[in-house]
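Scroll down for the structure; my scribbles are underneath it.
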Amino acid sequence: MLPRAILISPSPADALFETGGVIGIGTVVNLLFQMHRREQERIRVTDALLKAEEEKWRSSFNALEDV
């Protein structure tokens with residue numbers, strides 16, 4: 003798109019505007035996907051930590067019940 007906008011377009015301003023819009027929208031979508039991936043990773047790590055702590059507390063309570 004950029005070569006068309008600069009070199010061969012009859013209306014370079016419109017072509018540059020279109021190119022800028024596509025780049026802008028692509029950047030926003032990419033950032034949204036990246037934020038989603040980070041959030042999913044945080045959820046996965048937090049869930050693993052929660053399960054580990056829950057198992058630790060369960061084993062402590064089970065040990066107390068055995069006494």
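Under our numbering, the first residue of the sequence shown carries the number 3, and numbering increases by one thereafter. Each residue gets a CB set at the ideal place from its N, CA and C atoms; glycine is no exception.
The alpha helix (DSSP H) enclosing residue i, as first and last residue numbers
i	result
serine 62	14-68
Length of the line joining the Cα atoms of residue i and residue j
i	j	result
isoleucine 27	threonine 21	10 angstroms
aspartate 2	lysine 58	No answer is possible for residue 2: it lies beyond the span of the chain, which begins at 3 and ends at 69.
leucine 18	leucine 4	7 angstroms
proline 14	isoleucine 8	6 angstroms
arginine 46	alanine 54	12 angstroms
asparagine 32	arginine 60	42 angstroms
Any non-hydrogen atom of the ligand HEM closer than 7 angstroms to residue i Cβ
i	result
phenylalanine 63	In terms of ligand content, the structure shown is empty, and the ligand HEM therefore cannot be addressed.
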